[in-house]
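Enquirer:
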Amino acid sequence: MNDYPSAALRSFAVLGHASAGKTMLTEAMLATSGRIGRMGSIAAGTTVSDYHASEKQHQISVHCTLLHTEWMGKKFNVLDTPGYSDFISEGLGALRVGD
């Protein structure tokens, strides 16, 4: 990773309802930027952000996960959040740190 001035840093949360595709969007961002070799699969339990056993078992995001990548001279900090209202505190916390 390179050192970036604050003007080149972007932090944002990916929020939405359950099964909207938030995790797969973040997988696509990581794959497109070259951070990972290929996109993972929720069904196979190979996504970067859903790594807890409970997330793999139930095939849903339970925790907010911080991901990062570089693209076009900028560093992006991406927060993948759960969509179910049972885990709303995870999304609210992500909103506090996003730009």
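At position 86 of the sequence shown (counting the first as 1) the number is 115 in our numbering, and the numbers step up by one without a gap. Glycine included, C-beta positions come from ideal geometry on N, C-alpha and C.
(1) Can you list, in chain order, the residues of its chain whose CB lies under 7 angstroms from that of Gly122, leaving out five sequence neighbours each side?
(2) On the three-pair Cβ rule with 8 angstroms, is the region 110–121 touching the region 58–77?
(3) Can you name the residues that DSSP bridges to Asn106?
(4) Between the C-alpha atoms of Ala42 and Gly63, what's the straight-line distance to the nearest angstrom?
(5) My understanding is that Asp79 touches Thr52, with C-beta atoms under 8 angstroms, so please give their C-beta distance in whole angstroms.
(6) For a quick check, are the C-beta atoms of Lys104 and Ala37 less than 8 angstroms apart?
(7) Under 8 angstroms between the Cβ atoms of Glu99 and Ser90?
(8) For Val107, count the other beta carbons within 10 Å of its own beta carbon; 16 or more makes it buried, fewer makes it exposed. Which is it?
Expert: Working from what's here:
(1) Here residue 122 refers to the residue found at position 93 when the sequence shown is read from its first residue. Only Cys93 meet the Cβ criterion.
(2) Look at the beta carbons and you see the region 110–121 not touching the region 58–77: under three pairs across the two are nearer than 8 angstroms.
(3) For this step, residue 106 is matched to residue 77 along the sequence shown. Residue pairing of Asn106 in beta bridges, as defined by DSSP: Ser40, His97.
(4) The residue labelled residue 42 in the question sits at position 13 within the sequence shown. The residue labelled residue 63 in the question sits at position 34 within the sequence shown. Rounded to whole angstroms, Ala42 to Gly63 spans 20 angstroms at the Cα level.
(5) Locating residue 79 in the sequence shown gives position 50, where the first residue counts as 1. Locating residue 52 in the sequence shown gives position 23, where the first residue counts as 1. Approximately 6 angstroms separates the beta-carbon atoms of Asp79 and Thr52; this is inside 8 angstroms, confirming the contact.
(6) As a position in the sequence shown, residue 104 is number 75, starting the count at 1. As a position in the sequence shown, residue 37 is number 8, starting the count at 1. Less than 8 angstroms divides the Cβ of Lys104 from the Cβ of Ala37.
(7) For the purposes of this step, residue 99 is taken as residue 70 along the sequence shown, with counting starting at 1. For the purposes of this step, residue 90 is taken as residue 61 along the sequence shown, with counting starting at 1. With respect to Ser90, Glu99 sits apart: the two C-beta atoms are not nearer than 8 angstroms.
(8) Here residue 107 refers to the residue found at position 78 when the sequence shown is read from its first residue. Its Cβ being crowded by 16 or more others within 10 Å, Val107 is buried.
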